[in-house]
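A.B. asks:
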Amino acid sequence: MYDRSGQHEHSIHILEAYLRDHPTETDPSVIDLLASILTENNAHNEAIWHIEHAQLVFCSNKEMPLTMKINAGICHAYLGNMEKAETLFSALEQRSADHADLIAKFADSFMSLGHYSSAWKVQEILWFYEAVKTLEDNIETRLTMASILLEEAREDEAILLLSPPKNLDRFEAQTNKSEPWWCNGKLKLKLCYIYIAKGMLKEFVDAIYPLVHESLRIESLQQKVKVKKRHTKSVLLERAKVLDDHQTDNLLCRSRPVAPASDLLKATRAKKLLQNKAKVKEEMRAEAMAAGVDWQSDDSGDDPPEEIHQEPPLPDLLKDKENHGLIIYLCKSLASLHIDIAKHGRL
Numbered sequence: 001m002y003d004r005s006g007q008h009e010h011s012i013h014i015l016e017a018y019l020r021d022h023p024t025e026t027d028p029s030v031i032d033l034l035a036s037i038l039t040e041n042n043a044h045n046e047a048i049w050h051i052e053h054a055q056l057v058f059c060s061n062k063e064m065p066l067t068m069k070i071n072a073g074i075c076h077a078y079l080g081n082m083e084k085a086e087t088l089f090s091a092l093e094q095r096s097a098d099h100a101d102l103i104a105k106f107a108d109s110f111m112s113l114g115h116y117s118s119a120w121k122v123q124e125i126l127w128f129y130e131a132v133k134t135l136e137d138n139i140e141t142r143l144t145m146a147s148i149l150l151e152e153a154r155e156d157e158a159i160l161l162l163s164p165p166k167n168l169d170r171f172e173a174q175t176n177k178s179e180p181w182w183c184n185g186k187l188k189l190k191l192c193y194i195y196i197a198k199g200m201l202k203e204f205v206d207a208i209y210p211l212v213h214e215s216l217r218i219e220s221l222q223q224k225v226k227v228k229k230r231h232t233k234s235v236l237l238e239r240a241k242v243l244d245d246h247q248t249d250n251l252l253c254r255s256r257p258v259a260p261a262s263d264l265l266k267a268t269r270a271k272k273l274l275q276n277k278a279k280v281k282e283e284m285r286a287e288a289m290a291a292g293v294d295w296q297s298d299d300s301g302d303d304p305p306e307e308i309h310q311e312p313p314l315p316d317l318l319k320d321k322e323n324h325g326l327i328i329y330l331c332k333s334l335a336s337l338h339i340d341i342a343k344h345g346r347l
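The sequence shown finishes on residue 347 if you use UniProt numbering, and the numbering steps up by one all the way, no holes.
1) What's the C-alpha gap between asparagine 184 and methionine 82?
2) Would you report the Cα separation of glutamate 214 and glutamine 275, rounded to the nearest angstrom?
3) Would the beta-carbon of isoleucine 70 fall within 8 Å of that of histidine 50?
4) Ignore the nearest five residues each way along the sequence and tell me which others in leucine 34's own chain have a CB closer than 8 Å to its CB.
5) Can you have a look at glycine 73 and say buried or exposed, based on whether 16 or more other CB atoms are within 10 angstroms of its CB?
6) Going straight from the alpha carbon of residue 352 to that of threonine 87, what length do you get?
7) Which of helix, strand or coil does DSSP assign to proline 312?
8) So is proline 165 buried or exposed if we call it buried at 16+ other beta carbons inside 10 Å?
9) What residue does the alpha helix (DSSP H) around alanine 153 start on, and which one ends it?
10) Can you tell me where the alpha helix (DSSP H) with cysteine 75 in it begins and where it stops?
11) Using 8 Å as the threshold, is the C-beta distance between leucine 56 and glutamate 219 below it?
12) Rounded C-beta distance between leucine 337 and lysine 190? I'm assuming under 8 Å.
13) Tell me the rounded alpha-carbon separation between glycine 199 and serine 29.
14) How would you call methionine 289, buried or exposed, if buried means at least 16 neighbouring beta carbons within 10 angstroms?
15) Pull up the CB-CB distance for residue 418 and isoleucine 159, whole angstroms please, since I reckon it's below 8 Å.
16) Taking the C-alpha atoms as reference points, what is the distance between isoleucine 328 and aspartate 206?
17) Whole angstroms is fine: what's the gap from cysteine 331's alpha carbon to lysine 281's?
18) Are the beta-carbon atoms of proline 313 and leucine 187 separated by less than 8 Å?
19) In the structure shown, what three-state DSSP assignment does serine 11 receive?
20) Following the continuous alpha helix (DSSP H) through proline 28, name the residue where it begins and the one where it ends.
21) Less than 8 Å between the C-beta atoms of isoleucine 208 and leucine 334, yes or no?
What follows is the structure, given as C-alpha cells:
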C-alpha cells in the first residue's frame with residue numbers, strides 16, 4: 001500500500017523490520033517484494049544482499065524461487081555484472097514461459113542498458129516458448145526454438161522441448177491426428193544430434209534405432225515391389241473400344257487411318273483385363289448363389305484405391321552421406337552398449 005502511494009522508503013523500512021523480527025520464519029514472497037521495491041528504486045546492491053541472504057537462510061537446500069532469480073539478474077545487469085545476469089537467466093527452466101511479464105522485464109533491463117543482443121536473446125526465447133504453447137504441433141517452431149536454446153548452451157531445455165510429453169494419455173485422447181509432433185522424423189533427428197553431442201549413447205540409440213529400422217524396411221519394400229498402375233473399368237472400356245473400332249474399320253471403312261501399334265497393344269491388354277474381371281465376378285456370383293446368399297454386384301466399375309505411398313521417417317537414408325555417418329555412429333553405440341552390458345550386466 002505504501003509503495004503504491006509513492007512512499008517507497010517507508011515500505012522498505014516496514015519490510016526490513018519484518019525480516020529482522022522474523023529471521024527464520026520469513027515467507028520468500030516478502031523478500032521478493034522487498035527486492036522488487038529496492039530494484040525499482042535503483043538500490044541494486046541492497047536488493048542483491050537480501051536475495052543472497054535469503055538463499056542462504058531459507059533456500060539453502062532448494063532452488064531459489066524463479067521471481068527472485070529474475071530480480072537478482074536484473075540487479076546484476078544494472079551493476080554491470082552481465083555475465084552473472086546472463087547466467088541467472090540461462091539457468092531458468094522451461095517454466096519461465098509461465099512468467100512472461102517477468103521475463104519481459106528482464107529483457108527490458110538489458111535493452112535500457114544498451115545490451116541489445118542479450119535483450120534480444122531473452123525476448124526471442126520468450127516469444128518462441130509462447131509460440132510453442134500456441135502452436136503445439138508446429139514442427140518448424142519447435143526446431144527453431146531448439147536451435148536457439150542450443151546456441152545458448154541450454155541443451156537440457158532443448159531435449160525437453162523435443163521429447164514426448166509426459167502426459168501422453170491426454171494427447172492421445174484429444175484428436176485422431178495421423179502423426180503426433182514427437183514422432184516427426186526431423187524432430188527426432190535433431191534430438192539425436194543433441195544426444196551425440198552430450199555423449200548420451202543409450203538415449204541416442206533409443207531415439208534413432210526405430211527411425212533407421214522403419215526407414216530401411218520401407219525402402220527395402222519399395223525396391224522389391226513395383227506396384228503396377230491400376231485403371232478403372234471406365235478407362236479399360238475406353239481403351240478396348242479402340243480395338244473394336246480398328247476391327248470394324250478393317251472390315252468396312254478401310255479409308256480411315258490405322259490405329260497406332262501402341263494403342264492397339266493397350267486395347268488388347270484392356271480387353272483381356274475386362275474379360276478376367278467378368279470371369280471373377282461370375283465366379284463370385286455363382287459362389288454366393290450356391291451358399292444361398294443374395295448376390296449384389298458392385299457396378300461402380302472402379303477398382304479399390306491403391307495403397308498410400310509410405311514415406312520413410314528418414315527419407316534418402318541410404319543416399320544422404322550425412323545419414324551414413326549417423327548409421328555408423330549407431331552401430332558403434334550399439335557395440336559400446338553391448339560391451340557395457342556384458343561387463344556390468346546393465347546399461
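All C-beta atoms in this analysis are idealised placements derived from N, C-alpha and C, irrespective of residue type, glycine included.
C.D. replies: Reading off the structure:
1) Each residue's alpha carbon lies about 38 Å from the other.
2) Whole-angstrom Cα-Cα distance: 40 Å.
3) Taking C-beta atoms as the reference points, isoleucine 70 and histidine 50 fail to come closer than 8 Å.
4) Ile12, Leu15, Glu16, Leu19, Ala47, His50
5) Buried: at least 16 other Cβ atoms inside 10 Å.
6) Past the boundaries of the shown model lies residue 352; the chain is included only from 1 to 347, so the question cannot be answered.
7) coil
8) exposed
9) Element bounds for alanine 153: n/a, residue is neither H nor E.
10) 66-78
11) no
12) Here leucine 337 is actually not in contact with lysine 190; their C-beta atoms are around 22 Å apart, not less than 8 Å.
13) 40 Å
14) exposed
15) One cannot answer for residue 418 here, as it falls past the ends of the chain, which runs 1 to 347.
16) 15 Å
17) 52 Å
18) no
19) helix
20) 28-40
21) no
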